[in-house]
Amino acid sequence: MREIPRLYVSVIHVGVIMLVLLAILFQQPLFILALWLIHLVSLASGGRFNLFVCLVKPLLDKRKPFDQYDSLTLFRFNAAIALLLETLAVCSFYLLHAPLWGFVFSGIHAAAALLALSGFCFGCFLFFQFKQWKWRRTQ
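Residues 295 to 433 (this note's numbering) are what the sequence shown spells out, left to right.
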């Protein structure tokens, strides 16, 4: 099974929270558009290229190995949910001209990232429930 270092996932969560807070603080949807583009490129590259990780990678100690890893399958599932939420936010801002809904969708994404940083992965919970539902359907 392919895995991704948990430190990289945490860096992405911190980046999400920072951009959403900046967007809310300055009432500037361009931060959300930037976040959407970052997630789109990351998901399109299979998680190999993420701007947040690329910015932090040079600061990490190359000699120290990573001690905790997350499943790449779960990472991609969570990234797809994040991209969906940010797509809804960008559509709310630029197509529907409903900034409140844009900030709500982005806020949900930031809240999930904050929950993940504190130890509870809501996307992982949804993934487990989906797999369990799928298994029950076959029984």
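Virtual Cβ for every residue (Gly too), placed ideally from N, Cα, C. Every value quoted in this text rests on a predicted model; they were computed, and no experiment measured them.
If the criterion is Cβ atoms closer than 8 Å, does the pair residue i and residue j meet it?
i       : j       : result
Glu-297 : Asp-361 : no
Gly-341 : Ala-373 : yes
Val-310 : Ala-407 : yes
Ser-412 : Phe-399 : no
Phe-421 : Leu-368 : yes
If we count the other Cβ atoms within 10 Å of its Cβ and call it buried at 16 or more, is residue i buried or exposed?
i       : result
Val-314 : buried
Val-335 : exposed
Pro-352 : exposed
Trp-427 : exposed
Phe-414 : exposed
So, for residue i: in the same chain, excluding its five sequence neighbours on each side, which residues have a beta-carbon less than 8 Å away from its beta-carbon?
i       : result
Val-347 : Tyr-302, Val-305 and Ile-306
Gln-321 : Pro-393
For residue i, I'd like the list of residues in its chain whose CB is within less than 7 Å of its CB, leaving aside the five on either flank, ordered along the chain.
i       : result
Leu-377 : His-333, Leu-334 and Leu-337
His-403 : Val-310, Val-314, Ala-376, Leu-379 and Glu-380
For residue i, verify whether its CB is less than 7 Å away from any heavy atom of the ligand ATP.
i       : result
Asp-364 : The ligand ATP is not among the ligands present in this structure, which contains no ligands whatsoever.
Enumerate in chain order the residues of its own chain whose CB-to-CB distance from residue i is below 6 Å, with the five nearest sequence positions on each side excluded.
i       : result
Leu-390 : none
May I have a chain-ordered list of the beta strand (DSSP E) segments no shorter than 3 residues that lie completely inside the stretch 323–399? 363–365
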